[in-house]
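**Q** Residue numbers (my numbering): 1473 to 1670.
By construction, the Cβ of each residue, glycine as well, lies at the ideal position given by its N, Cα and C atoms.
Dropping the structure in here first, questions after.
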């Protein structure tokens, strides 16, 4: 039976790398996959999934208007892989769940659980609610503890407490941190928080 999977983590846990490895595993066995990433995430280029290891792969893009059940997907599709799944809408998550159960198509979603304020993204909240299998991917904070939160920082290295939920960026704007370092960074220079560095 096909399922909807959600593999989530803080930033820099290797989610995109794991997605690219999953795609490779299917294709190595002669199976066809389709890859999607968020249209507004252009860190590696528009329509490109990129990992911190330097791996890249072209992908179709999705935005709020994308309807996956009507997308031009390849025939004999073995798996649908979604990067940056936190940017899915709740309705899109339902579409993907339906595709898994009605069409028998495994759907693997990779994304963040929460934003820099500790709030869930709409797509992540729905995935955490209806995905058939959840897997937390692990990464570590600079202090050595498990990082489960995302901290946004400004150009001076100070934690940002307010702002738009979506601001695309990498290590220049965000740090994956443990809860202790997350709260230690409240309004202070992150270089002074335990374990954090610039």
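Alpha carbon to alpha carbon, what distance is there between residue 1587 and residue 1669?
**A** Any reading at residue 1669 is ruled out, since the residue's pLDDT is 45, under 50, leaving its predicted position unreliable.
**Q** What separation, rounded to the nearest whole angstrom, lies between the Cα atoms of residue 1507 and residue 1540?
**A** Their Cα atoms are separated by approximately 12 Å.
**Q** My assumption, with CB atoms under 8 Å, is that residue 1561 sits in contact with residue 1595. Please give the rounded CB distance.
**A** Their Cβ separation, rounded to whole angstroms, is 7 Å, which keeps residue 1561 and residue 1595 in contact under 8 Å.
**Q** Below 6 Å CB to CB, which residues in the same chain sit around residue 1555 once its five sequence neighbours on both sides are set aside?
**A** The residues are 1488, 1491, 1509, 1521 and 1582.
**Q** Going by alpha carbons, who is nearest to residue 1495 out of 1485, 1473 and 1527?
**A** Minimum Cα distance to residue 1495 is reached at 1527.
**Q** For residue 1666, I'd like the list of residues in its chain whose CB is within less than 8 Å of its CB, leaving aside the five on either flank, ordered along the chain.
**A** Residue placement at residue 1666 is flagged as unreliable, the pLDDT there being 49, under the threshold of 50; a coordinate-derived value is accordingly withheld.
**Q** Indicate whether residue 1498 and residue 1550 have their beta-carbon atoms separated by less than 9 Å.
**A** Going by C-beta atoms, residue 1498 is nearer than 9 Å to residue 1550.
**Q** Taking a contact to mean a Cβ-Cβ separation below 9 Å, would you say residue 1602 touches residue 1566 in this structure?
**A** Yes, Cβ-Cβ distance for residue 1602 and residue 1566 is below 9 Å.
**Q** Apply the 10 Å Cβ neighbour rule to residue 1449 and answer buried if 16 or more other Cβ atoms are within range, or exposed otherwise.
**A** The structure shown does not extend to residue 1449, since the chain spans only 1473 to 1670, so no value can be given for it.
**Q** What's the call for residue 1483, buried or exposed, on a 16-neighbour Cβ count within 10 Å?
**A** The residue in question, residue 1483, is buried, as its Cβ has 16 or more Cβ neighbours within 10 Å.
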